[in-house]
Structures are given as C-alpha cells and as structure tokens.
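A short write-up of the structure that comes next.
Numbering (the working numbering), first residue to last: 10 to 279.
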C-alpha cells in the first residue's frame, strides 16, 4: 500500500530520527512484546473494553508490532508515525501477517488535519515516544491532536519512561547484560544517556545496536535521539489540559516506565 504524506511542511524530531534505528528496532523491544500478538496482549487492559471491530489509532507505530497485533485481534487499525522508515516497516509487517492496516506518515500535531475528527475508539501512543515532542508546548500540541481524533467515550493509552528515575541516575552508559535474539540473529544493545542539569533542556539518548551477522561479523547501528522529559504530574496535567479525564496511571517511583490511560467523556469545544 502507498504511504499518504501529510500536507504540512517543516521538520520535527520524528521526521529526521529513527532513519537508522528503524532497521534494527526489534532488538529494542522487550521479549514479551517482540511479536504482534505479544505486543497486543500487553495492552489487553485497554482493549478489553472495546467493542469488536472498534477503530483504533497507533499514533507512534514504530515498526508496527502493536498495530499488526491489534489488527490480528479484529480491530480496524490505522497506524501513523513521523518517521517514513518506521511506517514502511509497519506496512511490511502487515503484509507478512496478511492483515489490513491503514498507514500514514504523520506527526502528532498534524492529526487534526487528517480528516479523523471523533473517529477512533482508542488511541495508542506507546513505546516511550511522547518525549520526542519538543518541550511542553510540543507535548501539549501532541496531546491536543490525539484528543481531537478520539471519539466521545474513546480511550487514550500512552506509555512513558520514568524520567524522574532516569534523571536521578544522571549521564551514563548502559550496556545491556545479555544478548538479544530476534529471528535467529543476536545483538548487543547499549544506551548512552546525556542528562543536562535542567529538566527543560534538550536531553539526548544515543542507542547502539551491535548485531552479529554471518556468524561472526559485527554490524553496528547507532543513532542519537533528542528528547524532552517530563515529570509524572506534568504529564497528568497536560492530559487534563487536552480535555481528557484521567482513567488510571501505573506510575511507581521504583519502576522504569508506566502507562497512563485517559478518556474523552464529552465533546471537545469547537
């Protein structure tokens, strides 16, 4: 299927990032979510309340694991991402699994321009992607876009790293303590965190994936990603400011990430 392009110009983080990591992203996904079925099962607490055939949007779809898993579960799925390389991988995965997933290259702030107002029964923004929105204004625009395309009664589900925990650990190099295996291939993953003193400053995460090819050849893929972190309470306030009612949060100061769910209970003001 072809990839419709959004009309707005300009460059954002998503459009220039993940050009390299898209080819190796499967090594960054936890084992339990490394398949479409496993990824969808990880969000059954959200999908359990949806009607069969409900319309859902994965608005930071990555390589398509969740989108394809939701399509396999019988939902009508639209997937978008600011990275063309990620959308292409989503399309390839949908073809391989013989499911229908409508795709689009699209930023969060472009969601109101897609003709999707009030369309989706659920919107997913997972994979710790929201921190790529540039600052609080960018995050607010992203959440406003997600709220705009939610149907009344629809649910937003988003995941985030525990940025309080990350910042407390400071700048550092984290090399995963095991080989990650995907489809018979193995890789070592390393994260290099650059954490400035201020919460409001641009943070950086350099991700390196060293994959063993042809038995003993090492192929290294590296990309530097900019991020703008946020506190848990800031995220909850931003969700409320987008006109959504908080449904739940799994935030725990001792855990590395959490899930926030919210609901659009009434029509948004025009």
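A virtual CB, placed ideally from N, CA and C, is assigned to each residue, including glycine.
- Item | Among 72, 116, 87, 113, the one whose alpha carbon lies nearest that of residue 105 | Counted from its first residue, the chain shown places residue 105 at position 96. Of the candidates 72, 116, 87, 113, the one whose C-alpha sits nearest the C-alpha of residue 105 is 72.
- Message: Can you tell me whether residue 222 is helix, strand or coil according to DSSP?
- Response: Walking along the chain shown from the start, residue 222 turns up at place 213. Secondary structure of residue 222 (DSSP, three-state): strand.
- residue 100: buried (16+ other C-beta within 10 angstroms of its C-beta) or exposed? Within the chain shown, numbered from 1, the residue matching residue 100 stands at position 91. With 16 or more other Cβ atoms within 10 Å, it is buried.
- By the 10 Å Cβ neighbour count, where 16 or more other Cβ atoms means buried, how is residue 184 classified, buried or exposed? On the chain shown, position 175 is the one that residue 184 refers to. Exposed, by the Cβ-count rule.
- Whole-angstrom Cβ separation of residue 238 and residue 208, contact assumed at under 8 Å? Your numbering for residue 238 matches position 229 in the chain shown. Your numbering for residue 208 matches position 199 in the chain shown. The C-beta distance from residue 238 to residue 208 rounds to 6 Å, short enough to meet the 8 Å contact threshold.
- Task: Look up residue 136 in the DSSP assignment and say whether it is helix, strand or coil.
- Result: The count along the chain shown starts at 1 and reaches residue 136 at position 127. Reduced to three states, the DSSP call for residue 136 is coil.
- Message: Spatial neighbours of residue 265 within its chain, please: C-beta separation below 7 Å, excluding the five flanking residues on both sides.
- Response: Reading the chain shown from its first residue, position 256 is the one you call residue 265. Around residue 265: 170, 171, 174.
- Any chance you could list the alpha helix (DSSP H) runs of at least 4 consecutive residues sitting entirely within the stretch 87-114, in chain order? 93-106, all fully within the stretch 87-114.
- Item | Residue interval of the beta strand (DSSP E) (run including residue 30) | As a position in the chain shown, residue 30 is number 21, starting the count at 1. Note, residue 30: premise wrong, no beta strand (DSSP E); not H, not E.
- With which residues is residue 254 paired in a DSSP beta bridge? Start at 1 with the first residue of the chain shown, and residue 254 comes out as number 245. Per DSSP, 272.
- Query: Given 8 Å as the limit, is there contact between the stretch 250-261 and the stretch 221-229, that is, 3 or more CB pairs closer than that?
  - Reply: Output reads no: the stretch 221-229 does not touch the stretch 250-261.
- Where does residue 161 fall in DSSP's three states? Here residue 161 refers to the residue found at position 152 of the chain shown. Of the three classes helix, strand and coil, the one that applies to residue 161 here is strand, per DSSP.
- Query: residue 196 and residue 219: beta carbons closer than 9 Å?
  - Reply: Translated into the one-based positions of the chain shown, residue 196 becomes position 187. Translated into the one-based positions of the chain shown, residue 219 becomes position 210. Cβ atoms of residue 196 and residue 219: closer than 9 Å.
- Message: From the DSSP secondary-structure annotation, give me the bridge partner or partners of residue 191.
- Response: As a first step, residue 191 is located in the chain shown; it is residue number 182 there, counting from the start. According to DSSP, residue 191 bridges with 194.
- Task: Keeping to the same chain, check which residues put their C-beta closer than 8 Å to that of residue 245; ignore five residues upstream and five downstream.
- Result: The residue labelled residue 245 in the question sits at position 236 within the chain shown. The beta carbon of residue 245 lies closer than 8 Å to those of 255, 258, 269 in the same chain, with the five residues before and after it left out.
- Task: Give the straight-line distance between the Cα atoms of residue 42 and residue 74, rounded to the nearest whole angstrom.
- Result: Looking up residue 42 in the chain shown gives position 33. Looking up residue 74 in the chain shown gives position 65. The straight-line gap from Cα to Cα measures roughly 8 Å.
- Query: Hey, out of 168, 131, 139, whose CA is closest to residue 272's CA?
  - Reply: Residue mapping note: residue 272 aligns to position 263 of the chain shown, counting from 1. Minimum Cα-Cα distance from residue 272 among the listed residues 168, 131, 139 corresponds to 131.
- Message: How far does the beta strand (DSSP E) with residue 181 in it extend, from its first residue to its last?
- Response: The residue you call residue 181 lines up with position 172 of the chain shown. DSSP places residue 181 inside the beta strand (DSSP E), whose first and last residues are 181-184.
- Between residue 140 and residue 118, which are expected to be in contact by the criterion C-beta below 8 Å, what is the C-beta distance as a whole number of angstroms? The residue labelled residue 140 in the question sits at position 131 within the chain shown. The residue labelled residue 118 in the question sits at position 109 within the chain shown. Contact doesn't hold; Cβ gap of about 15 Å is too wide.
- Query: So residue 91 packs on residue 115, CB below 8 Å; how close in whole Å?
  - Reply: Here residue 91 is taken as the residue at index 82 of the chain shown, counted from 1. Here residue 115 is taken as the residue at index 106 of the chain shown, counted from 1. For residue 91 against residue 115, the beta-carbon gap comes to about 7 Å, under 8 Å, which counts as contact.
- Assign residue 260 to one of three DSSP states: helix, strand, or coil. Position 251 of the chain shown, counted from the first residue, corresponds to residue 260. Coil at residue 260, not helix or strand.
- Which of the three DSSP states, helix, strand or coil, is assigned to residue 177? Within the chain shown, residue 177 is the residue found at index 168, counting from 1. If DSSP states are grouped into helix, strand and coil, residue 177 belongs with the helices.
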